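A.B. asks: Residue numbers (my numbering): 5 to 185.
A virtual CB, placed ideally from N, CA and C, is assigned to each residue, including glycine.
Here the structure is a predicted model, which is why all the values come from computation and not from measurement.
I have a structure here, written as structure tokens, and I will follow up with some questions on it.
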Ligand SMILES: CC(C)(COP(=O)(O)OP(=O)(O)OC[C@H]1O[C@@H](n2cnc3c(N)ncnc32)[C@H](O)[C@@H]1OP(=O)(O)O)[C@@H](O)C(=O)NCCC(=O)NCCS
């Protein structure tokens with residue numbers, strides 16, 4: 005019998021949603037550690053901070069046979085307690101094998117800003133690594149200032165909320181598709 009080599013499985017679509025289950029949240033934390041500690045070396049071995057106590061984690065899930073399979077992207081959002089209406093996004097990360105393949109970064113930013121918009125957000129901001137500023141500009145964010153954070157150049161950026169209609173069912177989220185090769 006001759007076994008033909010089989011191309012590795014590549015999911016055709018992904019769901020981006022609030023990370024509601026325990027395994028999704030654990031996998032978001034693991035991906036953050038992988039990207040911000042192991043890959044970028046910004047933190048030694050744990051990137052968690054006080055914001056995690058009240059932030060909402062969001063995940064991008066790959067699918068296998070229609071079912072959620074693994075977390076391949078994440079971001080978190082939180083409202084500033086002292087300034088109601090002001091929301092921030094942080095720790096945006098897509099697993100390296102899935103970058104630029106299915107608009108996962110764009111989908112995570114969409115769920116982040118649109119879900120905050122539905123919760124009364126009037127101002128959505130993020131500190132964006134300099135190399136990612138063009139990505140955010142293309143997604144209707146404006147740079148307000150240049151700042152140094154964790155020893156790296158960042159821009160303080162703000163989303164144009166008009167480009168992010170309120171999303172009222174972020175537990176369901178949205179679907180993105182793999183781009184044609
Ligand atoms: C930044 C990051 C989340 C983007 O995720 P992604 O899934 O690759 O992004 P998308 O595929 O949604 O990109 C959307 C569009 O922006 C483009 N784009 C992506 N990254 C870009 C960049 N750094 N500069 C310019 N354009 C970029 C893509 O080509 C795509 O355009 P297209 O639709 O015309 O092809 C990912 O590269 C990552 O995890 N990087 C490491 C972690 C990191 O730097 N996080 C901090 C973010 S401030």
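Closest to residue 34 by C-alpha separation, out of 72, 55, 86, 98, would be which residue?
C.D. replies: 98
A.B. asks: Do residue 94 and residue 55 count as a contact pair if the criterion is CB distance below 8 Å?
C.D. replies: yes
A.B. asks: Are there any heavy atoms of ligand 1 lying less than 7 Å away from the beta-carbon of residue 98, as far as the coordinates show?
C.D. replies: yes
A.B. asks: Would residue 164 be called buried (16 or more neighbouring beta carbons within 10 Å of its own) or exposed?
C.D. replies: The residue is exposed, with fewer than 16 neighbouring Cβ atoms inside 10 Å.
A.B. asks: With respect to 7 Å, is the separation between the Cβ of residue 132 and the closest non-hydrogen atom of ligand 1 below this value?
C.D. replies: yes
A.B. asks: Give every residue of the same chain whose Cβ lies closer than 8 Å to the Cβ of residue 17, excluding the five residues on either side of it in the sequence, and list them in chain order.
C.D. replies: 67, 106, 179, 180, 181, 182
A.B. asks: What residues are listed by DSSP as bridge partners for residue 160?
C.D. replies: 131, 149
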